[in-house]
Every structure is written in structure tokens, then in C-alpha cells.
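Protein sequence lines correspond, in order, to chains A and B.
Start counting the first sequence at 0; every next residue gets the next number (numbering that gives the first Met the number 0).
Start counting the second sequence at 0; every next residue gets the next number (numbering that gives the first Met the number 0).
Yeah, the Cβ is synthetic: ideal placement off N, Cα and C, and Gly gets one too.
Quick caveat, the model's predicted, so the values are computed rather than measured.
Okay, structure first, notes after.
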Amino acid sequence: MTYRHLLPDEIDELLDGQVGFGVAPLEAHIQECDSCRAQIEAGRRVVDAIEHLPRLAPSPLFAERVMGKVDVYEPWHVAARDTAAGWVTRLTPRSRPMRVAAGAAGLSIAAVLSVACVWLGSHLDALFFVGTIVRARLRDTLLEQLGAAVSAIFGPQSVGALRAGGPALLFAILATIAVLIVAAGLAVRLAVAAPGRTRRSGTS
Amino acid sequence: MPDPLFDLPNLPDADVVVLAQQGREAAYRELIRRYERPVFSLVYRMVRDRETAEELAQDTFVKALNNIDRYSPEFKLSSWLFKIANNLAIDQLRKARLPTVSLSGAPDAATAAEIEATSFEVANHEPSALQALEAREIGSAIERAIAKLRPEYRSCIIMRHVEGRSYEEIATTLDLPLGTVKTYIHRARNELRTALEGVDDG
């Protein structure tokens, strides 16, 4: 037993219901000391009264009022996922036979594509040959169109200058065009496309 | 995989917050449902005015939910809400000294209908009539005594004994040193004990 009155911290320890080897002597002391016991009992009455205070309810429309002022922010990837899920739901047939038919059609398409991929994989030399022809045709067409565009904008002499500049000049022009397209895309995204959707309750 | 939105009431706060961050309106509503009473109770006991408390509690949720994407999960959601609510209440108390309103009706309520309209819904406790009467008396006395405490003592003692928060959580929530929180709670208990002595004697 402790032969002095309890200190404020010790009274708080008891009121907070703390446990440990240091608490037992304090408990023993209040069994013997009327003054400290009275303090603890009064403290416990206070704590008990506060702990029994009810939680008060706001008005029934509280949540609606809050939601009316809250902007529900939906990130773009969630919006995209929801849209995709919506399309899947919409496109999935409702009747079981139709779903089976759609599944069979999907499997057939997948099987045909798989066979085509395997066949193409076993004929790589033919693929390479065809690819070379297509690439040459595309390059010729591109240069022709570019020459026509340059000729139309800057006059026929500029086509000669372009030819004289060779692939380096062509690459520089294409790179400039690509940078301009990317910059325009970014500007449009910043100005128009918000990153996600924002809505308020009741407006969605 | 089952949609987590169907199981919202059973999800922990952190998961509901993640759903709210994905823009799920139902998750926003679930967070409001969970904390509207604790937040409103804290704010009301701070400002002692129902209308103001309702506005401040609303502002608390609007501020928190509009910044839900910035919420950091290492901080407890309830602590974050209490922090915002307490700061708003303290700001309000600094702006104006508000009159006290009884739990059983506004002071200017003249008719029974007005008293009923301005009374609070008190939930959960279903004791006997005598116990209810005694509890109401001591409840009113303790409410009045809490209203007379300094605002800093008030928020500490409410969080400790109404919300059951630890000293450390209160210190974090209110941005106070741990020792200061202990001192405030000790002094608040002493002041409340003195205030209740008269009631007990009567």
C-alpha cells in the first residue's frame, strides 16, 4: 500500500482503467484511504456520466444536403471501365440460346484467327516478301503525296529543294509535323477533356 | 467476384474510402452514414446551437469528401473528420459566442410542438422510467457542465469519453502535445466533478 495520497496522474490512471503492475498498489491504497477513494468515486461518476451521453442525430436530410454540395469525382480509368462494362452488358444476348450462339461464334472467330496466325508464322519468308513490297508502295505513295502538298503550298521549286535535302530533310519535316500534332493533342486534352467525370448527387 | 458496393456496411473505412476515391457515390453516402452522428455530436457539444452545428457538420463532410482523393490512409478517417470538425467549431467559437440550447428544446420554443420540433432524437437507451429520469437529469447536468468548459477542454473530454479515443489519437487529431492533452482532460474532469457535486447533493 502507498502511504501518501494519490497524485493527479495516478488518479487519472485509475480513471482511465489502466492495467499493469503499478496499478495494484494504487488500488490497494484507495481501499484504505477515504479521501482518495472519494476522489476516485467522484471521478468515476463524471466519466460514467460522460460515457453515457447519447450521440446526437442531425436532421434526416443531412446526407442529402451534404451530397448536394459534394463533387463526386470519378477517375478516367474507372469511367472507361464502367463504359466498357456497360457495353459488354448491353451487347450480351439476354436469352440463353442466343448467348450460346454468340459464344460459339466468338470461339469460331478465335479459332480461325489462331489458325491464320499459325499459318503466317510458318510462312515468314512470304510475309517478309509481301511486307517489303507493301513498305515500298507506302513510301512511294507518301513521298508522292508529300511532294504534291509541298508543291501546292510552296511552289514546284520547293520539291526540288526537298529532293536535294534527301532523307535528313524529310525526317526533319516529318518530326516537326509529329511534334506539332502531339502539342495540339495535349492542348486539346488540357483545354477540353477533364481527367475523369465530376458529378453532383441528383444531377447524374 | 462479388461487387464490393453490395457489402458496403461491412467494409472497413479504408476500403470504403478507396471506393469513394473511385467515384462511387454509394461509398460517399456510407461514410456520411457512419460518421454523421459522431461528427454532429462533437460539433453540437462544442457550439451548443443546432443550426450552426448542422452547418458545421455539413461543411466538415463537404470539405473531407471533396478532398477524398488527397486522404492519406495512415491517418484514421475518423480522426481526420474530427480534426476538420473541431477546427471549424473552434473557428466558429472565435467568431461569435453562441447561446446555450437545451437538449430538450430551444429556449425560445413557446409551444409543445415547437419544443418537440427543436428536441433531439436520443438513440439506443431503453432503461426504466426512473432510470431514464435520473439519466436525463444527470445527462442534462453533465451537458451543461461540459458547455461551461473551455473549448479545448471540451473537445478533449468529448473525444476521450464520448468517442473513446486514446490520448495519443486525441493529440494527433487536435495537433496538441500528448502532455497537454492529459492536462486538459485532467482539468476537465476536475471541473466537471465540481460542477456535478451540486447535482449529486441535490
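Test: residue i CB closer than 7 Å to a CB of chain B
i      : result
A/F128 : no
A/I49  : yes
A/V99  : no
A/G42  : yes
A/L189 : no
Proximal chain B residues relative to residue i, where beta-carbon distance stays under 8 Å
i     : result
A/S58 : E53
Neighbour flag for residue i against chain A, beta carbons, 7 Å
i      : result
B/Y70  : no
B/Y152 : no
B/I114 : Annotation note: pLDDT 44 at B/I114 (below 50); position unreliable, no value reported.
B/L191 : yes
B/I141 : yes
B/F5   : no
B/F39  : yes
B/F81  : no
B/N66  : no
B/V42  : no
Closer than 8 Å at the beta carbon, the chain A residues around residue i
i      : result
B/V161 : I49, E50, L52, R54
B/I169 : Near B/I169 there are no residues of chain A at all, since even the closest Cβ is about 12 Å away, more than 8 Å.
B/F74  : Here the premise fails: no neighbours, minimum Cβ distance about 20 Å.
Listed by chain order, chain B residues near residue i by CB distance under 9 Å
i     : result
A/D11 : K181, I184, H185, R188
Presumed contact (8 Å Cβ cut-off) between residue i and residue j, rounded CB distance
i      : j      : result
B/A84  : B/V46  : At roughly 10 Å, the Cβ-Cβ gap does not stay under 8 Å, so B/A84 and B/V46 are not in contact.
B/V15  : B/Y70  : No, B/V15 and B/Y70 are not in contact; Cβ-Cβ is about 11 Å, not under 8 Å.
B/T28  : A/A56  : Note that residue 28 of chain B corresponds to Arg in the displayed sequence, not to Thr. B/R28 to A/A56, Cβ: 16 Å. No contact.
B/L209 : B/I141 : For chain B, the structure presents residues 0 to 201; residue 209 of chain B sits outside this window and is missing.
B/A19  : B/I67  : 5 Å
A/V45  : B/R44  : Wrong, their Cβ atoms sit about 15 Å apart, outside the cutoff.
A/R199 : A/V69  : 7 Å
B/G22  : A/E73  : 3 Å
B/R164 : B/I184 : Contact flag wrong, Cβ pair sits at about 11 Å.
A/I39  : A/L6   : Rounded, the Cβ-Cβ distance is 13 Å, inconsistent with contact.
A/T91  : A/R98  : 7 Å
A/G42  : B/R192 : 6 Å
B/S30  : B/F81  : Rather than Ser, the amino acid found at residue 30 of chain B in this sequence is Leu. Rounded, the Cβ-Cβ distance is 14 Å, inconsistent with contact.
B/V161 : A/I49  : 6 Å
Interface residues of chain B facing residue i [CB-CB closer than 7 Å]
i     : result
A/V45 : R188, L191, R192, L195
Contact list for residue i against chain A, beta-carbon separation under 9 Å
i      : result
B/A224 : No statement about residue 224 of chain B is possible, as the shown extent of chain B runs from 0 to 201 and does not include it.
Cross-chain neighbours of residue i in chain A, by beta carbon under 7 Å
i     : result
B/V46 : Those within 7 Å of B/V46 in chain A number zero; the least Cβ separation is about 12 Å.
Discussion item. So if I threshold CB-CB distances at 9 Å, which residues from the region 7–35 of chain B count as touching chain A?
Written reply: A19, Q20, Q21, G22, R23, E24, Y27, R28, I31, R32, E35
Discussion item. Residues of the region 8–38 of chain A in Cβ contact with chain B at a cutoff of 9 Å, in chain order, please.
Written reply: D8, I10, D11, L14, D15, Q38
Worksheet entry | Under 7 Å (Cβ pairs) to chain B, residues found in the region 60–90 of chain A | F61, A62, R64, V65, M66, K68, V69, D70, V71, Y72, E73, P74, V77
Worksheet item: Using Cβ-Cβ distances below 9 Å, what residues of the region 84–96 of chain B are close to chain A?
Response: none
Fill in: Touching by the beta-carbon criterion (3+ pairs, under 8 Å), the region 179–196 of chain B and the region 139–156 of chain B
Yes, since at least three Cβ pairs between the region 179–196 of chain B and the region 139–156 of chain B fall closer than 8 Å, the two stretches touch.
Practice prompt. Report yes or no: do three or more beta-carbon pairs, one from the region 55–63 of chain B and one from the region 73–89 of chain A, lie closer than 8 Å?
Written response: With a cut-off of 8 Å, the region 73–89 of chain A and the region 55–63 of chain B do not count as touching, because too few Cβ pairs lie within range.
Discussion item. For the region 29–47 of chain A against the region 55–74 of chain A, do three or more pairs of beta-carbon atoms, one drawn from each stretch, fall closer than 8 Å, so that the two count as touching?
Written reply: no
Worksheet item: Can you find at least 3 beta carbon pairs, one from the region 163–177 of chain B and one from the region 70–79 of chain B, that sit closer than 8 Å?
Response: yes
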